[in-house]
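In what follows, a structure is listed as structure tokens, so that the remarks can point back to it.
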Amino acid sequence: MANLTFEHWLSRLKPGETPVFRHTKDALMKLAPRGDRLGAKEIAAPILADPLATLRVIFNANNRTSRHFSAEVTTVEQAILMQGVSPFLDKARAFPVLEDSPQGRDPEILSSLYRLARLAQHSAWQARDFATLHHDLHAEEPQMAALLYYAPEFLFWLDAPDIADQLAQLRRTMPSAEAERQVLGFALPPLRLMLLEAWKIPAGVCGLLDEKHTDQPRNIVLDAALKISHHSRRGWWNERLSESYEALAQVVGLPFDEVVRTVHDNAVRAARVYHWIPAPPAAAWLPMLAGEWPLETQNRPSRPAAAPEAKPADEDAHTVCPMPVKTVLEETLANIEGHLDGSLSLSQMLAIILKGLHIGLGLSRVLFALVTQDGKRVKCRFTLGIPSADPLRQFEFAIDSRDLFGQIMKKMQGVWVNQENRGKLWPMVGPNLRAMIGQGDFYAMSLFANGRPIGLIYADRGHGDCELDLKTYNDFKLLCLEAAKGLNRIKG
């Protein structure tokens with residue numbers, strides 16, 4: 002197998018026209034109409050979820066910089082600002098789409114690239130979060146290093162899929178370094194480092210991937226993030242995960258249990274934010290009990306991993322208590338405010354609102370009910386995080402009913418049912434709705450437009466150990482107020 006030299010691969014995988022995932026380009030094109038009203042951070046987000054797009058953007062920026070400027074572009078945000086927001090988005094229209102390429106039309110290759118993207122996204126999320134906890138002023142560097150760690154594998158799948166497949170197969174049965182030597186004739190780390198340097202990846206990022214500096218705190222954070230992503234793809238009971246938890250606990254100065262909770266929370270957040278990847282996220286295995294992991298098949302997949310495989314992350318994610326993501330809430334509020342011009346349809350506006358509730362506020366189960374055309378009832382229309390068999394999907398009540406929900410439909414107002422007021426408020430909920438909701442805290446708020454009721458939002462964090470709180474309730478009401486404004490300005 003090892004009949005091609007190190008220099009051959011370094012030349013063959015040199016910088017070129019790399020495609021991006023379809024979701025990345027679609028996300029950028031959705032942002033394009035807002036042009037210079039956008040911040041570079043908002044544009045960088047979808048790029049930093051895509052290793053191929055990150056590779057492309059950083060290379061193009063530094064390749065251009067080398068001819069005109071002396072300073073190195075070190076982040077995706079800098080690359081965007083250097084070019085200008087609108088010019089960058091204009092050029093993004095020409096980005097080739099992976100799924101439309103010959104490799105993307107091969108279901109085996111595409112499936113493998115999706116799984117690699119899952120690994121890269123998960124490790125990058127862990128790396129950035131723990132770098133931030135370590136008060137790293139340049140947390141995007143560990144994030145980018147984790148995201149691009151698998152750059153050689155991505156490039157192999159695009160340019161030499163047979164080699165990539167051989168590596169993937171052998172790594173299932175032997176240590177990675179041994180598999181790499183059998184297939185390539187050398188270990189991958191030196192090639193990874195030289196490839197990233199050839200692609201003009203910043204020195205700070207390459208330095209984190211240099212095995213000569215593994216004892217530095219930033220390198221320890223990166224190494225732990227990569228190992229957590231790697232081992233958790235086969236469940237969360239792997240004993241080697243504890244070693245990574247211990248390493249992180251020492252670096253960031255947190256108790257072991259707090260590190261474990263943070264790692265699990267990060268896995269859930271990454272699964273939710275990167276829901277577009279049709280491959281199971283590591284968070285899907287969090288509810289599993291300890292036990293032997295089934296042996297992996299050594300056959301190449303016959304088709305891409307189907308999107309429904311990711312379903313456990315949505316339905317079981319509330320097993321690990323979700324945490325609000327402040328930046329997502331802020332982006333949601335700004336997104337609604339920026340689309341009060343009637344440019345969005347009902348479904349588009351609701352997608353923004355539901356994302357803010359689900360990720361921005363960390364609410365596991367969200368339900369949006371609309372007033373029926375005859376104005377007599379309020380009926381469930383959209384849900385997020387609620388399984389298809391859950392009776393809550395049948396949520397419905399008469400708008401003039403005398404129960405709790407009928408009362409809050411009299412004006413725009415909210416309610417937080419919790420342990421302190423349950424004795425007073427729970428009897429006001431009709432028996433049918435009580436059966437649908439189940440025992441547990443929840444938020445609800447009516448939505449009005451031009452003085453008339455248009456619907457209601459219900460949300461909770463499941464009915465396990467995940468509690469609601471006053472801060473989230475206040476943010477929930479704020480988001481509902483913005484939601485009502487947005488829904489009053491939709492197309493049609």
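The opening residue of the sequence shown carries number 2 in our numbering; numbering runs sequentially from there. Here a beta-carbon is modelled for each residue, glycine too, at the ideal position from N, C-alpha and C.
- By the neighbour-count criterion, in which a residue is buried when 16 or more other Cβ atoms sit within 10 angstroms of its Cβ, residue 424 is exposed.
- Approximately 4 Å separates the beta-carbon atoms of residue 446 and residue 415; this is inside 8 Å, confirming the contact.
- Excluding sequence positions up to five before and after residue 102, its CB lies within less than 7 Å of the CB of 20, all in the same chain and listed in chain order.
- For the options 136, 94, 12, the alpha carbon positioned closest to that of residue 28 is the one of 94.
- Excluding the 5 residues flanking it on each side, residue 104 has same chain C-beta neighbours closer than 6 Å at 110, 159, in chain order.
- C-alpha of residue 30 to C-alpha of residue 90: approximately 7 Å in a straight line.
- In the displayed model, residue 157 falls within a helix according to three-state DSSP.
- Pairing residue 236 with residue 350 gives a Cβ-Cβ distance that is not under 8 Å.
- Taking residue 429 as reference, the option from 456, 450, 406 with the minimal CA-CA separation is 406.
- In this structure residue 124 is in contact with residue 226, their Cβ atoms being roughly 5 Å apart against a cut-off of 8 Å.
- For residue 18, there is no enclosing alpha helix (DSSP H), as DSSP marks it with neither H nor E.
- When the Cα atoms are used, residue 131 and residue 216 turn out to be separated by approximately 16 Å.
- By alpha-carbon distance to residue 267, the top candidate from 368, 133, 374, 427 is 133.
- Relative to residue 475, the option among 444, 107, 489 whose CA is nearest is 444.
- Scanning its chain for C-beta atoms nearer than 8 Å, with the 5 sequence neighbours on each side dropped, one finds around residue 400 the residues 372, 376, 377, 378, 379, 407, 410, 454, in chain order.
- Beyond the five residues adjoining it in sequence on each side, residue 190 comes within less than 7 Å, by CB distance, of 212 in the same chain, given in chain order.
- Below 8 Å, enough C-beta pairs join the region 76-89 and the region 33-43 to call them touching: three or more.
- Secondary structure remark: continuous alpha helix (DSSP H) runs of at least 4 residues inside the region 363-417, in chain order: 405-409.
- Beta-carbon to beta-carbon, residue 354 and residue 484 are separated by about 5 Å, close enough to satisfy the 8 Å threshold.
- Pairing residue 140 with residue 368, the inter-Cα distance amounts to about 35 Å.
- A distance below 6 Å between beta-carbons, with the five flanking residues on each side excluded, links residue 82 to the following residues of its chain, in chain order: 41.
- Of the other Cβ atoms in all chains shown, 16 or more fall within 10 Å of the Cβ of residue 168; this residue is therefore buried.
- The DSSP assignment places complete alpha helix (DSSP H) segments of no fewer than 4 residues inside the region 185-228 at 189-199, 204-209, in order along the chain.
- Excluding residues up to 5 positions away in sequence, 14, 164, 165, 168 lie with their Cβ nearer than 8 Å to the Cβ of residue 157 in the same chain.
- The three-state secondary structure of residue 98, taken from DSSP, is strand.
- By the CB criterion at 8 Å, residue 143 and residue 209 fall inside the cutoff.
- The residue from 107, 146, 370 with its alpha-carbon nearest to that of residue 52 is 146.
- Between the alpha carbons of residue 231 and residue 261 lies a distance of about 16 Å.
- The Cβ atoms of residue 404 and residue 419 lie no closer than 8 Å to each other.
- Here DSSP, grouped into helix, strand and coil, assigns residue 324 to coil.
- The C-alpha of residue 456 lies about 11 Å from the C-alpha of residue 481.
- Across the structure, residue 98 and residue 381 are spaced so that their CA atoms are roughly 37 Å apart.
- Residue state for residue 87 is assigned as helix, using DSSP reduced to three classes.
- Residue 148 and residue 203 have their C-alpha atoms some 13 Å from each other.
- The Cβ-Cβ distance between residue 11 and residue 175 does not fall below 8 Å.
- The C-beta of residue 281 has 16 or more other C-beta atoms within 10 Å across all chains shown, which makes the residue buried.
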